[in-house]
Each structure stands twice: as C-alpha cells, then as structure tokens.
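Participant: Chains as they are written, first to last, in my numbering: chain A, 1 to 226; chain B, 1001 to 1203; chain C, 2001 to 2203; chain D, 3001 to 3235; chain E, 4001 to 4235.
For every residue, glycine included, the Cβ atom is placed at its ideal position computed from N, Cα and C.
Before we start, here is the structure in question, set down as structure tokens.
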Amino acid sequence: MTNRKAFIPLCIGLSAMCIQWLLAWYWVPVDDAQGEVYRIIYVHVPAAFSAFLSAAILLFTSLLSLKSNDDRWLLTSRAATEIGLIFTILTLATGSIWGKPTWGVWWTWDARLTTTLLLALLYGGWILLFRALSPGTGRRRSCAILGLIIALDVPIIYQSVNWWRTLHQPQTILRRGGSTMDSDMLSVLLGGIIIMAMISVSMILVRYGTLGLERELEEKSLGELR
Amino acid sequence: MLDVTDLTFGFGKRPLFKGLCFSVTPGQLIRVDGHNGAGKSTLISIICGLMSGHTGSIRFADDDFRKWTSWVAPDANGLFPTLSAVANLEFWLRLRNQHTSTDVLRDCLNGWGISGDWLQVGLPVSKFSTGMKRRLALARLQLENSKLWLIDEPLFGLDERACLKFKNHVMEHLQAGGGVVVVTHDARLLDGIKHQTVFLGGA
Amino acid sequence: MLDVTDLTFGFGKRPLFKGLCFSVTPGQLIRVDGHNGAGKSTLISIICGLMSGHTGSIRFADDDFRKWTSWVAPDANGLFPTLSAVANLEFWLRLRNQHTSTDVLRDCLNGWGISGDWLQVGLPVSKFSTGMKRRLALARLQLENSKLWLIDEPLFGLDERACLKFKNHVMEHLQAGGGVVVVTHDARLLDGIKHQTVFLGGA
Amino acid sequence: MALNHPERKISWFDTVATLLRQSLRVDLSYPERLITPLFFAAIVLLLFSFAIPEQDPSIQPRMVIAQTQLAIFFALQLTFSRAFESERSDRVFEHLRLAPIDASAFTMGKILHVLVIGSLTMICTSVLSTILQGQDLAVITDPIFVGASILALVGLAGLGVLLAAITLRADGQAILFPLLYFPLSVPVLLSSTEALAAWMERRVWTDSMRSWSTILIAFDAIYLTLAVLLSPESE
Amino acid sequence: MALNHPERKISWFDTVATLLRQSLRVDLSYPERLITPLFFAAIVLLLFSFAIPEQDPSIQPRMVIAQTQLAIFFALQLTFSRAFESERSDRVFEHLRLAPIDASAFTMGKILHVLVIGSLTMICTSVLSTILQGQDLAVITDPIFVGASILALVGLAGLGVLLAAITLRADGQAILFPLLYFPLSVPVLLSSTEALAAWMERRVWTDSMRSWSTILIAFDAIYLTLAVLLSPESE
Ligand code: HEM
Ligand SMILES: Nc1ncnc2c1ncn2[C@@H]1O[C@H](COP(=O)(O)OP(=O)(O)OP(=O)(O)O)[C@@H](O)[C@H]1O
Ligand SMILES: Nc1ncnc2c1ncn2[C@@H]1O[C@H](COP(=O)(O)OP(=O)(O)OP(=O)(O)O)[C@@H](O)[C@H]1O
Ligand SMILES: [Mg+2]
Ligand SMILES: [Mg+2]
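Now the structure itself:
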C-alpha cells in the first residue's frame, strides 16, 4: 500500500513552493500600507485555502464512507483531517504573527479568526473521536456524520465575514466585480494557492499510504505472536 | 432460522474464528464453546449485528430478525436501574407490541422468585442482587417469547433452583420449535438436552 | 482468624440474616450459601467493612485485617480499565509492599492463560473478555497471597480449565493454613474440599 | 409460543411515544437529574455577578441577556450530555438496537425528550436569571426572545442528540461530548444571539435580523435532519 | 505462603507516591483527558466573546481577569469531576479501601494528583486566555495573580477531593458532585476574585485585600483539613 506515486507531486509542489517564496520575497512589490510584513500573505492565504480544501475533501470522503463497506474512505478522511488541522494551525499561526504588527494584538474575536479556530477545534475533535471508537461500521458512520457537519461549517467561515463586523481583511481575491489587488501580487498569490493545494493533496495521499501501512504493521505484529 | 456460513473475524489480523459454519433450525440448540477469550461473546455480538468487520455471511430466515430474536449477555441485562422490575418488563414488552397485563407480569416474576418486597415496594432494579437481576432478564426472555434466543452465559449468578427453572424453559422453548444459541461454561444447563457444539479457539 | 458472632442485618425492617455465628480458623473453608437475594454478598461486604448498620460483632485475629485479607466480588475485579494486566498487578502488589519482579508476574499470568497478545501489546484490561478479567483478578488474589480470602462468586465466567486451576489454588491455600470464605452457586469448586456451610435465607 | 410472530412491531409514532414516556419516567424516578442543571445555572449566574465588574447602565440590558443566555447554555449542556445516561447503563442501548424499532423513531423520541427537559431548564433558568439580576420578567416574555430561544433550543437539541449518539460508545464519552458540542453549537448560538441583539437595538424587523434568523432556521434544519436521517442503526 | 505476614504495609509517603504515580499513569494512558479541559476553556472564552458586549476600556483589564478566572474555573471543574473516574470503574475504590493503606494517604495522593493536573490546566488556560483576549502575558505573571490563583486552586482541589470522596459511592455521582461543589466553591472563588480585584484597582496592599486573602486562606485550610480528616475510611 505504499504510496510512492504521491511523493512525486509532493516533491514538485515543494520545489514550486520554494520558487514561489523566492518570488514573494524578492520580486513582488512592497505593500504601500503595511510594508514588508504583508509578505506573510503568501503563506497565510494559501494555507487558509488548503485548510478549506481539506474540509471539501472531508465532505466528499465522508459521503463516500457513509455508503461504503470498508475503511478506505474513512482512512482518507482521517488523512484529510490531519493535514487540514496542520494547515489550519499554520493559518492561525501566520495570521497571529501578522496580526501583532498590524492590529497590535495576537488575537481578537473577529468572525473569521473565530471560525478558523473553530475549524481547528473541530478537526481536532474529529481525530479524537476517531481514536476513541473501535473499528467497525459504527466508527465509520459516526466519523462520517461528524465529517459532514464539519464540512458544513466551513461555508459559514467564508460567509460570516460578510455578515459580521470585522477587523479582518475583507475578501479581495474572490469577489464580484474583479479583484482589488495589484496584478503581480495577485498572480504570485494565486500561484501559491494552487501550489499549496497541490502539496496538501499529495500530503493527504502520502498520509493515507502510511495509515494503511500502520494498520498492516499492527496486524502483522499481532499475527506473528501466534 | 439462522445460517452462518464461512464466518471469519479477528481483531487485527489474527482471526478469532475462521470459516465458521453452522445453522440453527427449529427445535435445535447450538452450544458455542471455547476457552476464555476464545471469541464466544464476540461471535454472538457479530450474529446480532452489534459488531461488524467480519467476512462470510449470516442469514436469518426472515426479514427483520429483531422481531423474533432475543439477546442476553453477561454484562447486558438491559435494565433501567432506577425503575422497578415491572416498569422494566412493561417497557421492553411494549416495544414488541406485547400488551401483557400486570397480573401476568407479577405471576411470571413470582415464578422467578421476584415477589414480596421487590414488587410491592417498587424497589429499583439497581438494588437487586446479581442473581435477581439476571432472573429478571431471563423473565423478560421468557415473556418476549421469541423464536430464536441468542444467550451469552445466561446462568451467571443464578442459584440451583433458578438454573433448573431456566433449563425447563429452554426445553419447553425447544419443544415448541424455538432455536437457541447459547454460550455457557456451566454444563448443568445442557445436561440431558440434545445439542450441537460449535467449538472456538482452535483457529 | 475471623469470628462472627450474633450478626444481624437487614435493609429496612426485614432482617436478611439474624444472629449469625461462625468462625474461620486456619485451613478452614466456609461456604456461604442461600438463594439469590438471600444476602450473601451483603454479608461479605459487611465482614469487609464496606457496609455498616449491622448489630453483633465481627472480630479479626489481628489488628489491621486489611494486611492479610483479600477480597473479590462479581462486579469488583478492581482493575483499571485503561491499563495493561501487568500495570494493574504491579500497582496492587506494591500497595501491599510486595515487589514482585515482572518476570514472576508474567509467569503467573501465563499460568492463567494471559499471555501473548494481552501482555506484549499491552492491551488495556477493558478489552479483555469477561473470563480474562476474572482470571486476572484471581491472579492478583494468588499473588497477594493473603491469609484470609473473602471471595464472592470467584468462578464467574471462568472456563473449565481455569476453574480447576483455581480449585487447586484454593486447596493449596487451605493446606498452607489459609482461611477462605466463599460464596458460590457452582458446586464444582467445592467438590472434594472439606468445608462448612453457612446458610442464609431461612430468616 | 408465537413462532409465527404476529406483528411484533409497533408503529413509528407508538415507538416514539413509548420511548419518550420511558425517558420521562426515568427522569422522574431520579428527579435530581432535572434539578441539577438549574442549580448549575444559578451558580454560573452567581459567579458572573462576582467576577464581572459593574457595567455601564447603557449596556446593562444586553448584559442581562448575555448572562441569561450563557447560563441557559451551560445548563442545557449538562442536560444534554446526560440524555443518554440511562441507555448507557447495563447496555440498554444495545438492547434497544436489537428491539424491533426504527432507528429514526429512537432518535426522534430522544430529541423530544431532550426538548421537553430542555424547555423546562430554559424556562426556569430564564426566570431565575432575570430575578437574580433584578430585571423585569417582561424582558423574557418578549415574543421575539421566546421565538429565538425556541429556535435555538431546537437546534441545540438536534445537535445534542446527534452527538450523544455518535459518541455513545466512544471511550471517554464524557469528554468528547462537550468537546464537539460546544464548537458545533456556535452557529446556532451566534445566529440566535445576533438576531436577538439586532432586535434589541431597534425593535424593528431589519434585514440583519432576517438573515440571522435564516441561518438559525437553516442550522435547525440541518442538525435535525442529520440527527433523524443518520440515526445510529444496527451496524 | 506468608501467613505470618511480614510487613504488608508501606509507609505513608510511599503510599502517597504510589497512588499519585498510578493516577498519573492512568491519565497518561488516556491523554485526551488532559487536553480537553483546555479545549473547553477556549470554547468558554469564545462564548464569552460572543455573548458579552463591547466594554468600556476602563474596565477592560478587570474583565480580562474575570473571564480568565471563569474559564479556569470551568476547566478545573471538568478536570476535577474526572479525577475519580478510574476509581469508580470496576469498584477500584472499594478495593483501595480494603488495601492496607491509610485513608489520609489516599486522600493526600488524590489531592496531589488533582493539584498536578489542576496546575497544568490552570497555567495553560491562563496563557490561552490572555492570548485570546489580546493581552500581555505580564498580566498573569503578576505575583499577586499567581498567588491568588494558587490559593484558589488549593482550596478548590481540597474541596473537590473531599466531595468526590463523599459522593463516590452515591448513585449518580456525576450529578451530586456539581450540586455540592459549586455552592461550596463560592467562598473560595469569591474571595480570590475580590482580593484580586482590590489589587487591580489600586496596586497597593489594602485592608480589603488583606481581609479577602485571610478568608481565602481560611477556606483553603478548612477544606484541606476536612478532606484529610474525613477521608473515606472503612465504615
Ligand atoms: C490569527 C489570525 C488570522 C486568521 C485565523 C486568519 C484567517 C484567514 C482565513 C481563514 C483566510 C481565508 C478566507 C478568505 O480568503 O476569505 C484569510 C485570508 C486573508 N487574511 Fe487572514 N487571518 C488572520 C489574520 C490576518 C491578518 C492579521 C491579516 C492582515 C492584516 C490578514 C489578511 C488576510 C488577507 C489579505 C486574506 C485574503 C483575503 C481574500 O483575498 O479573500 N489575516 N485569513
Ligand atoms: N440498598 C438496598 N435497599 C434495600 N434492599 C437492598 C439494598 N441493597 C440490596 N438489597 C436487597 O438485599 C438482598 C441481598 O442482596 P445480596 O446482593 O446480598 O444478595 P446475594 O445473596 O448476594 O444474592 P446473589 O446470589 O443473587 O448474588 C437482596 O434481596 C436485595 O434486593
Ligand atoms: N477491542 C479489542 N481489541 C483487541 N482485542 C479485543 C478487543 N475486544 C476483545 N478483544 C479480544 O478478543 C477476544 C475474544 O473476546 P470475547 O469476549 O469474545 O471472549 P469470550 O470467548 O466471550 O470469553 P469469555 O469466556 O471470557 O467470556 C479476547 O481475547 C479479547 O481480549
Ligand atoms: Mg464472553
Ligand atoms: Mg451476590
């Protein structure tokens, strides 16, 4: 069950990311309002989108594992959740680092920050639930239901910023009537998003492979004892 | 009533049982035997559908097996601890569309030695002794009167008299064409009852 | 070792037992018998001091009876469910100032059929089968090696082999001058062991 | 012996009714269970009054609502996390799964049960809270307040039952339940609070109220539907 | 066979150490148990941020302290209510009562256990709370804050163990516990909050601070002594 193939896009993704970071650091212009610190956006926003992407994958795999009879999709869900948690934490961390100079605080109860924190808590909760249940249909079903709910929570993250008073940047990339960003910045950012998405998907695949391996190893060691 | 074919299950890779085949026909008693930890309780849970992850097939004679199957396990009397014996029985019987009158219930409980105090004071089941709880669970089994019994260590905690009484019930049940799958380490129950044994633990 | 004189106890007004007298001397086994709900487990709890409200006296030979008494009851294996078998045994032995080496523990557990998976993978006790848990509790009883055993339905869930093994341990214990108070409905245990019976339930 | 099993199954509604009756019977056999959430709410309020400093009079009414809502929420959490307590003992839940009843009926019975005891908790806590904070009872009889509270309760109940069922056989259910329950209840709480806040400010039916109530109702629907559709069936 | 029982009893300190080690071992065998109170605290803070309206800047620092304290309190409650979980399963507690150990050693072991996991919870919660409220970490390294927190923790731990031991064998311990715990914890919470508030206002050692801290220490002493004295001995 080794997933060697998934390492190829992962390596490509990682090298592309290096190039993107070089571009982000040396090529794109400085922001007028914020200065150099704004460059963290090239990590922050791609990480945020990857975190969402995991949720989308979670939605998909949850629906499939509700239907299926084996743990394959469940393990994919688990991989997606773990990678999603990593990227959510990365978003939170980069956001906080950015928040300190711009807003003067590490944290504030802004809608999008809050919902991102919630996403992290929910990913964590999903993993805890997975670990607390014993294998079988029950676990498959319970985890799938929770995965569905979590995935439903994500659109709110995206929308709530429009509804709720906020400190956070309004949506600038995806909005009706075109983007408000400088085109160089935008292209590097969009590139970063795509690259990060690729990385996260290949990470999920790799992780899926190791989860399968882990299970096999566990079973082998049990088998040898007899 | 029940056909089990080629059933295999294990935690991890090591199988607890492998390619198990047996079937229960009306009037037949199957004893599941094996040492402690052989997987007997697990087998019963899998048959009931309380656990999954097996390969092989489990087929019941009729569509919704739950309508005509009863289950008892050593740590699963299925009693609401704060309610009285009668309240417990009434609830489970009503769920099976059985409207047994309170008098019948009392008679049955009397037969099981649950009378006097326990009924009149409405003592909550949590204050029953180990054996009384098990007696109550068996009274429920008797009243539910299902075709197929899946019973895991039914004799746990029962005294001599209750054991005999239950044995009689099993025999009546078999005579009336019922089926039984029983796990027990206690040979007393099966003395003089024709049965087939499914042995686990060799796998 | 233990003198019980004129012991009376009841929930509410109806006494479960009245004026009970018996004593345990070295090498003696006392069987407490009676129908379900007669008060056998209650009697054991009262002797241990886990319950109070009795009249009459319970005298132990020596000051702190807990140093040389062990107790087991059907719903009380005293196991920490998330820990492994060895971790459980180690804890209880250390509390009694017994520094048993892990090898000895493993040997003892092997003797009880708890080996392979259960030990090495460190399977938490909560995943043991009913009988394995009870075996572990009895392994502890054996290792604690106390003078007096107060055991309530020790055979619950054990298979034939484990029953025999335990019976041997009881005989060895008696031969070495230990005392036993046992509650059991299972005559297998006492076959061929000289014992006295205290009968409850006539009151 | 009824070997040709005459209809051994009762109708969906009968099942729901039987289960609801049994749950309430268990509650009544152990009334502490109903009283504790209230007690808990009282102490949460007390703590607030100690810990939170004097407020500007202008935000006082909002503060009252906020504290009431928090107290209700904590009390409800206590109520819900216990919703499956009797089913967990002695493996009653497994027996229920092996009884010839529909899983959705079971869930519905449980939701209704939770709604009944939840409303009790909610009403008592609100009254308690307004009294303890020296407010007029009129605050909590405002129809919009009542409406928002009921909608919130329905969403929370659906979620509570869903999660209680999911975590039923998890190790450490007591821990997992609040862990999942709190974050997932945020949309419900947020929308009901915001809808209410919008109302308190202007006392007219504004756009923002409309959108928050839509979200609230949407979440009610989502949680209820998921709870009923994905009831824990036989594996 | 050791019928003439060589010393089958270990010293008081060994007993305490053994019990503490075992409790921590159980915690580690299920580490989620240690993490959840933190999650819980984060969510309590989040709820506060939703429910409680914008504050006047002048009372902002007091509000931060208040919310931190409440979050700690809820998290601790969760920690404590689980402290006796392992003893309740499989009647381990009865086995402990029948082991040749002193009841006071048992209580002390449990208090230490609760203090260890309680301090962990408290430290993490405070850090989390200050960060989440956008405050400087200096707030919580103030020696007076630390002192008041430790004193409060000791009082709460003593009380928690006392009550848990008392209610351990009652049916429905989960419910009885908060029923008694919350009211009885009020003096400790109140005095620590007030002492701290007095400090925050003036930053000098005032009379009111002195009297509140005296009360705090008195309650600590009472609860600790009671816990050790009223240890659940054989009946
Ligand atoms: C811990 C703090 C923060 C968190 C959790 C956070 C979270 C997020 C998330 C989830 C997104 C993606 C959602 C979306 O694009 O609508 C995002 C985008 C963004 N964030 Fe943050 N953020 C934080 C702090 C900041 C700070 C301090 C700034 C700058 C002042 C910032 C600027 C942006 C920008 C410019 C975007 C792209 C928005 C767009 O184009 O849609 N964020 N953030
Ligand atoms: N708290 C209580 N209040 C009233 N009656 C009680 C209480 N606890 C137990 N009883 C009753 O006391 C009697 C004795 O119970 P006990 O558990 O000692 O029986 P036992 O002899 O061990 O029975 P078994 O063989 O079933 O184990 C039972 O009839 C029980 O219903
Ligand atoms: N979740 C689990 N993970 C790994 N092993 C498990 C798990 N649950 C049970 N087991 C193991 O499966 C085996 C079968 O358990 P089961 O309860 O079916 O035994 P049993 O035959 O009923 O024994 P007994 O006679 O003691 O009741 C045991 O060895 C047990 O340790
Ligand atoms: Mg078994
Ligand atoms: Mg008994």
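What three-state label does DSSP hand C:L2020 in the structure shown?
Facilitator: In this structure, C:L2020 counts as strand in the three-state DSSP scheme.
Participant: Got a sec, what are the start and stop residues for the beta strand (DSSP E) C:D2006 sits in?
Facilitator: Segment L2002 to F2009, the beta strand (DSSP E) holding C:D2006.
Participant: Could you give the distance in angstroms between the alpha-carbon of C:P2026 and the alpha-carbon of C:T2008?
Facilitator: Answer to the nearest angstrom: the Cα atoms are 25 angstroms apart.
Participant: Would a C-beta distance cut-off of 9 angstroms place B:L1136 and B:L1079 closer than the cut-off?
Facilitator: Yes, they are a contact pair.
Participant: I believe D:L3128 touches D:A3041 by the beta-carbon criterion, under 8 angstroms. Please report the beta-carbon distance rounded to the nearest angstrom.
Facilitator: So it is a contact: roughly 6 angstroms between Cβ atoms.
Participant: Report the option in C:A2176, C:K2147, C:S2057 and C:G2037 whose CA atom is closest to the CA atom of C:G2019.
Facilitator: The option with the nearest alpha carbon to C:G2019 is C:S2057.
Participant: Residues of chain E with a CB under 7 angstroms from the CB of A:L128: which are they?
Facilitator: Near A:L128 (Cβ distances below 7 angstroms), the residues of chain E are E4032.
Participant: Using DSSP with H/G/I as helix, E/B as strand and the rest coil, what is A:G223?
Facilitator: Because the pLDDT of A:G223 is 40, which lies under 50, any placement of that residue in the model is unreliable, and the number read from its coordinates should be weighed accordingly. Reduced to three states, the DSSP call for A:G223 is helix.
Participant: Using C-beta distances below 8 angstroms, list every residue in its chain close to D:E3235, excluding the 5 sequence neighbours before and after it, in chain order.
Facilitator: Note that D:E3235 has pLDDT 38, beneath the 50 cutoff, so the model's placement of it is unreliable and no number is given.
Participant: Give the residues of chain B in contact with C:L1981, contact being defined as C-beta atoms less than 8 angstroms apart.
Facilitator: Past the edges of chain C, shown from 2001 to 2203, lies residue 1981 of chain C, and the structure says nothing about it.
Participant: Just reading off the alpha helix (DSSP H) that E:V4016 is part of, what are its end residues?
Facilitator: Here the alpha helix (DSSP H) through E:V4016 covers W4012 to L4028.
Participant: So with CB distances below 7 angstroms, who are the chain B contacts of C:A2162?
Facilitator: Correct list: N1036.
Participant: What residues are listed by DSSP as bridge partners for B:L1150?
Facilitator: Bridge partners of B:L1150: B:W1071 and B:V1181.
Participant: Within the continuous alpha helix (DSSP H) that includes E:L4045, where are the two ends?
Facilitator: Looking at the DSSP string, the run of the alpha helix (DSSP H) that includes E:L4045 is E4032 to A4051.
Participant: Strictly below 8 angstroms CB to CB, what residues from chain E border A:L121?
Facilitator: Neighbours of A:L121 on chain E, chain order: F4039, A4042 and I4043.
Participant: Three-state secondary structure (DSSP) at D:D3056?
Facilitator: Residue state, collapsed to three classes: coil.
Participant: Is any beta-carbon of chain E found at less than 9 angstroms from that of C:K2067?
Facilitator: Yes - at least one Cβ of chain E is within 9 angstroms of the one on C:K2067.
Participant: So that I know if they touch, is there some Cβ in chain E lying closer than 9 angstroms to that of D:L3179?
Facilitator: It does: the Cβ of D:L3179 has a partner Cβ on chain E nearer than 9 angstroms.
Participant: Taking only three categories from DSSP, how would you classify D:V3116?
Facilitator: Correct three-state label for D:V3116: helix.
Participant: For A:C11, is the classification buried or exposed, using 16 other Cβ atoms within 10 angstroms of its Cβ as the cut-off for buried?
Facilitator: A:C11 should be labelled exposed.
Participant: Suppose only complete runs of 4+ residues qualify. What are the alpha helix (DSSP H) ranges in the region 2024-2102 of chain C, listed by chain order?
Facilitator: Counting only runs of 4 or more, we get 2040-2048 and 2085-2095.
Participant: Of all the CB atoms in chain B, is at least one closer than 9 angstroms to the CB of A:G212?
Facilitator: No, its Cβ sits nowhere closer than 9 angstroms to a Cβ of chain B.
Participant: For E:V4154, which of helix, strand or coil comes out of DSSP?
Facilitator: DSSP places E:V4154 in helix when its eight states are reduced to three.
Participant: I think E:D4102 touches E:T4015, with their Cβ atoms under 8 angstroms apart; what is that distance to the nearest whole Å?
Facilitator: Correct: roughly 7 angstroms between the Cβ atoms.
Participant: Indicate whether the contact test is met: 3 or more Cβ pairs, each with one atom in the region 3078-3096 of chain D and one in the region 3127-3146 of chain D, closer than 8 angstroms.
Facilitator: Result no; under three Cβ-Cβ pairs closer than 8 angstroms.
Participant: Start and end of the beta strand (DSSP E) containing C:V2198?
Facilitator: First-last of the beta strand (DSSP E) with C:V2198: Q2196 to F2199.
Participant: Terminal residues of the continuous alpha helix (DSSP H) containing E:D4220?
Facilitator: Looking at the DSSP string, the run of the alpha helix (DSSP H) that includes E:D4220 is D4207 to L4229.
Participant: In chain order, what residues of the region 3214-3226 of chain D put their CB closer than 7 angstroms to some CB of chain A?
Facilitator: Of all residues in the region 3214-3226 of chain D, I3222 and L3226 have a Cβ within less than 7 angstroms of some Cβ in chain A.
Participant: What residue from E:A4195, E:Y4030 and E:S4119 has the CA that sits closest to E:R4210's CA?
Facilitator: Answer by Cα proximity: E:A4195.
Participant: For E:A4197, count neighbouring Cβ atoms within 10 angstroms of its own Cβ and tell me buried if that reaches 16, exposed if not.
Facilitator: Buried.
Participant: Residues of chain D with CB under 8 angstroms from B:D1075, in chain order?
Facilitator: Under the 8 angstroms cutoff, chain D gives D3090 and R3091.
Participant: Report buried or exposed for C:G2053, applying the criterion of at least 16 other Cβ atoms within 10 angstroms of its Cβ.
Facilitator: Exposed.
Participant: Just to check my reading of the structure: C:T2200 and C:L2043 have Cβ atoms closer than 8 angstroms, yes? What is that Cβ distance to the nearest angstrom?
Facilitator: The sequence shown places Leu at residue 2200 of chain C, not Thr. With 8 angstroms as the limit, C:L2200 and C:L2043 qualify as a contact, their Cβ atoms being about 7 angstroms apart.
Participant: Less than 9 angstroms between the C-beta atoms of B:A1073 and B:D1186, yes or no?
Facilitator: Cβ atoms of B:A1073 and B:D1186: not closer than 9 angstroms.
Participant: Would you list, in chain order, the members of the region 50-76 of chain A that have their beta-carbon closer than 7 angstroms to a beta-carbon of chain G?
Facilitator: The question asks about chain G, but that chain is absent: this structure's protein chains are A, B, C, D and E.
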